[in-house]
Amino acid sequence: MSTYVERVIEETKKKNPNEPEFLQTVEEVLTSIAPVVERHPEYEKAALLERLVEPERVIEFRVAWVDDEGNAKVNRGYRVQFNGAIGPYKGGLRFHPSVNLGILKFLGFEQVFKNSLTTLPIGGGKGGSDFDPHGKSDAEIMRFCQAFMTELQRHIGPSVDVPAGDIGVGGREIGYMFGQYRRIRDAYENGVLTGKGLVYGGSLIRPEATGFGVLYYAEQVLKHEGDDLKGKTVVLSGYGNVAWGAARKIAALGGKAVTISGHNGYVYDPDGIVTEEKLNYLLEMRASRNANVKMYADKFGCQFFEGKKPYEVKADVYIPCATQNEVGMAEAEMIVGAGAKYYFEGANMPATNEAVKYLQDNGVIVGPAKAANAGGVAVSALEMAQNAQHYAWTAEEVDEKLHGIMKSIHDNSAKCAEEYGLGYDLVKGANIAGFLKVADAMMAQGLF
Ligand code: NDP
Numbered sequence: 053m054s055t056y057v058e059r060v061i062e063e064t065k066k067k068n069p070n071e072p073e074f075l076q077t078v079e080e081v082l083t084s085i086a087p088v089v090e091r092h093p094e095y096e097k098a099a100l101l102e103r104l105v106e107p108e109r110v111i112e113f114r115v116a117w118v119d120d121e122g123n124a125k126v127n128r129g130y131r132v133q134f135n136g137a138i139g140p141y142k143g144g145l146r147f148h149p150s151v152n153l154g155i156l157k158f159l160g161f162e163q164v165f166k167n168s169l170t171t172l173p174i175g176g177g178k179g180g181s182d183f184d185p186h187g188k189s190d191a192e193i194m195r196f197c198q199a200f201m202t203e204l205q206r207h208i209g210p211s212v213d214v215p216a217g218d219i220g221v222g223g224r225e226i227g228y229m230f231g232q233y234r235r236i237r238d239a240y241e242n243g244v245l246t247g248k249g250l251v252y253g254g255s256l257i258r259p260e261a262t263g264f265g266v267l268y269y270a271e272q273v274l275k276h277e278g279d280d281l282k283g284k285t286v287v288l289s290g291y292g293n294v295a296w297g298a299a300r301k302i303a304a305l306g307g308k309a310v311t312i313s314g315h316n317g318y319v320y321d322p323d324g325i326v327t328e329e330k331l332n333y334l335l336e337m338r339a340s341r342n343a344n345v346k347m348y349a350d351k352f353g354c355q356f357f358e359g360k361k362p363y364e365v366k367a368d369v370y371i372p373c374a375t376q377n378e379v380g381m382a383e384a385e386m387i388v389g390a391g392a393k394y395y396f397e398g399a400n401m402p403a404t405n406e407a408v409k410y411l412q413d414n415g416v417i418v419g420p421a422k423a424a425n426a427g428g429v430a431v432s433a434l435e436m437a438q439n440a441q442h443y444a445w446t447a448e449e450v451d452e453k454l455h456g457i458m459k460s461i462h463d464n465s466a467k468c469a470e471e472y473g474l475g476y477d478l479v480k481g482a483n484i485a486g487f488l489k490v491a492d493a494m495m496a497q498g499l500f
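If you count the sequence shown from 1, you need to add 52 to reach my numbering.
Below, the structure is given as structure tokens:
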């Protein structure tokens, strides 16, 4: 591997010893772009990689709010504006007790390449808070969102930084945050957030976009293999926004999602999550105050496996849609053991680097997160485009654009892998394709 890449990985480790998830993605991305770096000696002189791994800006702030009993609470808020070379910073907000700076830096770093891959003009960012929405009332969620936006609003704007949802942040939270932004700014700048409700500037297909996008990407991979989804069983993890969209499209394509999961276990539904009633119930569960995946098992008479992950269920396709690093070596061995050929990442960095390598070494085709789940941010960018035009496209128009974008992400990743002699390695191909555009823009813009 290039000594320049090795040096930057080592320096990044020394500088950020307490950020394991960030180091994991830096190592993964830099290692796979090494062949490109070797062809471009000018990168080292311009300290391109050193700049790439350092966020342009990190904002950390206090969020003070009051619960329903009148107790004052304090959480920590963040926004990581990682790289704005190709457009305004763009990336979701995560509300989850596990949120810390290292997690948001990993998500922001991934977002830079993912956004570049969409071919749309958006830079990379990520933000959130260690606030836990589980068990909170609607009024508490609203007060928290208002307090969070009271500080965040001074750092964002439709041409500056455009946050969206992620774990714990859906349409309801975006609505409360947009209301507070509008109140403070006294201007109707609805392009400042995406994932909005339809009546105030949201885009059709945005809620479904990440999950649909994973399946549109999967379709391209299966087509490449002379295969399709009809009659295939799919193990999904998570039961939130991404899992819901994925389950919906799997059913539409003639496949069958047989599991969903949460932090406390998984549900196995051998009949498949295919009916409207079941698909809609996922939305109901996620919106309920004490959301818990077991609710599905109780309602539809399925088995709930407490404290277990769904990878022990045999299936043709695996699509993690919950959180980072849920697929380690044990889970990768189960996927290979099941004889599965396909693994697509709905969640961000759901597998360790070691697990991804094991899957690939054992013939499983891996569709990496920054390619497979890019449909969400792609439709977010389409929402920005509609807001800028003060116009709205039909569901068919948005869906067709999403389809085209996912196909181009697949084709571009495959082409880059091929060009660098890597065969059909969609993991390295996606990293290279995403990197090339950002690198060109950074080199053109001089030191920043
Ligand atoms: P939601 O908040 O809608 O759902 C999150 C799901 O993940 C829930 O089922 C939750 O279960 C589960 N989960 C969260 N933390 C853990 C944990 N520590 N262990 C096990 N399960 C967990 O989030 P999204 O569906 O929006 O996001 C899911 C993943 O997809 C994330 O990795 C996110 O970054 C990624 N993503 C999301 C996009 C989007 O458009 N929303 C776009 C691209 C990627 P429980 O409630 O039981 O904790």
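All C-beta atoms in this analysis are idealised placements derived from N, C-alpha and C, irrespective of residue type, glycine included.
These numbers come from a predicted model, not from an experiment.
Query	Result
PHE396 - partner residues in DSSP beta bridges	GLY419
Any non-hydrogen atom of the ligand NDP within 7 Å of ALA338 CB	Checking the sequence shown, residue 338 turns out to be Arg, not Ala. It does: the Cβ of ARG338 is within 7 Å (strictly closer) of some heavy atom of the ligand NDP.
Top-ranked residue by Cα proximity to ASP213, from ASP279, TRP445, MET494, ILE111	ILE111
Those residues which DSSP pairs with SER181 across a bridge	GLY129, PHE147
Assigned exposure category for SER189 - 16 Cβ within 10 Å defines buried	exposed
Expected contact under 8 Å - CB spacing of ALA270 and GLY419 to nearest Å	6 Å
C-beta atoms of ALA298 and VAL345 nearer than 8 Å	no
When GLY314, PHE134, THR285 are compared against ARG103, the one with the closest alpha-carbon	PHE134
Residue environment, GLN355, which counts as buried when at least 16 other CB atoms sit within 10 Å	exposed
Per-residue burial, GLY428 [other beta carbons within 10 Å of its own, 16 or more giving buried]	buried
Cβ-based burial, THR285 [other Cβ within 10 Å; buried from 16]	buried
Nearest to GLU106 (by Cα), restricted to the options VAL88, GLY129, PHE158	PHE158
Integer Cβ distance of GLU397 from ALA421, believed to fall under 8 Å	4 Å
Simplified DSSP state of ASN123, which is helix, strand or coil	coil
Top-ranked residue by Cα proximity to GLU452, from TYR268, GLY139, PRO259	TYR268
Cutoff 8 Å: GLY247 Cβ touching any chain C Cβ	In the displayed structure, chain C is absent; only one protein chain is listed.
Residues of its chain near LYS301, where Cβ-Cβ distance is below 7 Å and the 5 sequence neighbours each way are ignored	GLY263, PHE264, LEU267
Proximity below 8 Å, CB of ILE193 to CB of TYR240	no
Rounded straight-line distance, which links the Cα of CYS468 to that of ILE461	11 Å
Cut-off 8 Å between Cβ atoms - residues of its own chain near ASN316, not counting five sequence neighbours on either side	ASN344, VAL345, LYS346, GLU358, GLY359
Inter-stretch contact at 8 Å, needing at least 3 Cβ pairs: the segment 131-149 / the segment 161-172	yes
First through last residue of the alpha helix (DSSP H) which encompasses GLN163	153-169
Residues bridged to TRP117 (per DSSP)	LYS125
Simplified DSSP assignment, three categories, for ARG258	helix
Beta-carbon proximity of CYS501 to GLU225, cut-off 8 Å	In the structure as shown, the chain starts at 53 and stops at 500, and residue 501 therefore has no counterpart that could be examined.
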